[in-house]
Amino acid sequence: MTTAELAIGVDRGLRVPIYRQIGRQFAAMIERGELRRGQRLPGVPQLVRELGVNYRTVRQAYQYLSQTGLVEIINGKGTFVADRTAAGRETRTVAAVGYWPLDVHSDRQDFLQNVYRGMRLEAERMGWSCPYMTPAGSLVETWRGLRAAGMIVFATSSELIDPDGLRQAGVKAVTVSGSGKALPMVRSDDHAGIGAMMDHLFDLGHRRVAFVGASQLTHSVRRRMEAYCRKMGERGLSIQPSWIFISEDPVLQEWEEQERVYEQLFGSDAPPTAIVASSGYVSMSLLQLLHRHRVRIPEEVSVGGYDDLPAMRFAAPPLTTVRQPLEEIGREAVRKVVAMLEEREVEDTVLPVELVVRESTGRARES
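Residue numbers for the sequence shown follow the numbering used here, beginning at 5 and rising by one.
What follows is the structure, given as structure tokens:
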């Protein structure tokens, strides 16, 4: 079957990488049932010849499809549409399911990429595979379409998980950064992380400390805000209403939302001398905002971040942050779900974090 018959083509004018264009077209045909279970896809040389692309691009396209669980690559035989029925589930595959898109070929270093990298590496070490996908409908509905033995869910909120439905469907699943109430969980110690950051700021003389977070529904942001409030209370410090800002923008990148943060924090009679951010992206956005308003960091305001993404050490100034063991979170999630598949008892895992002090925090300015 030729690419013309399949209506496969590429558009070099699009910003979408060529391999993803190819992969998405095959994925759409598989989902529509135009390519049947077990059907062989065109060989790499054929696509290279007919589409005018290189071998690496075609291999990337097929690897992309393989990571989604839609195809199976068999060395020496070719690439075939995967069996995603119940009969095809007897496989050493643990699926990672998240509510955000992930480019498995990207070198980008963020929370999702690093945790998933740990999953993939641990799965490979144990002789398993771990494709990443976004859910199609509910988790149970997604499970029914998967060719996987177990599932790891990047859980932002308990509302996204139906534990009873998953159990009734026989799904062996764990969550990353969840609450631990719905399913077995793996996460880092959010309370200890914010606690260490707050103690560091207190030691520098700060008493007016603000908290800026994003997406309050997420378990991790809730825990970090709770830790902030508790540490302020332990010091006998009252929290001004203007010192807590929770944005619905998950990375606080919109200009208007950033300006609302500035107006709320610094438009009051008691502006903060330090700000604690709930995530790495939020802390980077805060730096952008403060630079725009010519606020000197840390001379006028100290900023503490989270996640310790690589970009933080190169920020201006380099960010003091809480380092999470992101790859280890992913590795432990795989070990836990495999243990469940082997009918072993599992418990929640909370991994330690580390405070990394850099140049974005300094002595509190005098009132």
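For each residue, glycine too, the CB sits at the ideal point set by N, CA and C.
Local conformation of residue i per DSSP, three classes
{"i": "residue 90", "result": "Only weak support exists for where residue 90 lies, its pLDDT of 45 falling under 50; the value from the coordinates is given anyway. If DSSP states are grouped into helix, strand and coil, residue 90 belongs with the helices."}
{"i": "residue 197", "result": "helix"}
{"i": "residue 277", "result": "coil"}
{"i": "residue 5", "result": "coil"}
{"i": "residue 359", "result": "strand"}
{"i": "residue 181", "result": "coil"}
{"i": "residue 80", "result": "coil"}
{"i": "residue 111", "result": "Low confidence applies to residue 111: its pLDDT is 48, below 50, so where it sits in the model is not reliable, and the reading given next is rough at best. It is coil, neither helix nor strand."}
{"i": "residue 189", "result": "strand"}
{"i": "residue 11", "result": "coil"}
{"i": "residue 61", "result": "helix"}
{"i": "residue 289", "result": "helix"}
{"i": "residue 175", "result": "coil"}
{"i": "residue 144", "result": "helix"}
{"i": "residue 242", "result": "coil"}
{"i": "residue 310", "result": "coil"}
Exposure label - residue i; buried when at least 16 CB within 10 Å
{"i": "residue 336", "result": "buried"}
{"i": "residue 346", "result": "exposed"}
{"i": "residue 18", "result": "exposed"}
{"i": "residue 81", "result": "exposed"}
{"i": "residue 287", "result": "buried"}
{"i": "residue 59", "result": "exposed"}
{"i": "residue 229", "result": "buried"}
{"i": "residue 311", "result": "buried"}
{"i": "residue 242", "result": "exposed"}
C-alpha gap between residue i and residue j, whole angstroms
{"i": "residue 218", "j": "residue 297", "result": "21 Å"}
{"i": "residue 373", "j": "residue 280", "result": "There is no way to answer for residue 373, as the model of the chain reaches only from 5 to 371."}
{"i": "residue 344", "j": "residue 61", "result": "37 Å"}
{"i": "residue 313", "j": "residue 299", "result": "23 Å"}
{"i": "residue 15", "j": "residue 29", "result": "12 Å"}
{"i": "residue 278", "j": "residue 136", "result": "38 Å"}
{"i": "residue 222", "j": "residue 77", "result": "36 Å"}
{"i": "residue 285", "j": "residue 169", "result": "34 Å"}
{"i": "residue 266", "j": "residue 369", "result": "18 Å"}
{"i": "residue 203", "j": "residue 143", "result": "40 Å"}
{"i": "residue 79", "j": "residue 45", "result": "14 Å"}
Proximity below 9 Å, CB of residue i to CB of residue j
{"i": "residue 250", "j": "residue 225", "result": "yes"}
{"i": "residue 134", "j": "residue 165", "result": "no"}
{"i": "residue 289", "j": "residue 328", "result": "no"}
{"i": "residue 331", "j": "residue 119", "result": "yes"}
{"i": "residue 182", "j": "residue 152", "result": "no"}
{"i": "residue 295", "j": "residue 320", "result": "yes"}
>> I'd like to know if the stretch 183 to 202 and the stretch 347 to 356 are in contact, where contact means that at least 3 CB-CB pairs between them fall below 8 Å.
In response: A contact exists between the stretch 183 to 202 and the stretch 347 to 356.
>> Across the stretch 79 to 87 and the stretch 39 to 59, are there enough close Cβ pairs to call them in contact, namely three or more that are closer than 8 Å?
In response: Verdict: yes, contact present.
>> Could you check whether the stretch 14 to 33 touches the stretch 65 to 79, counting it as contact only if at least three pairs of C-beta atoms, one from each stretch, sit closer than 8 Å?
In response: Here the stretch 14 to 33 lies against the stretch 65 to 79, with 3 or more beta-carbon pairs under 8 Å apart.
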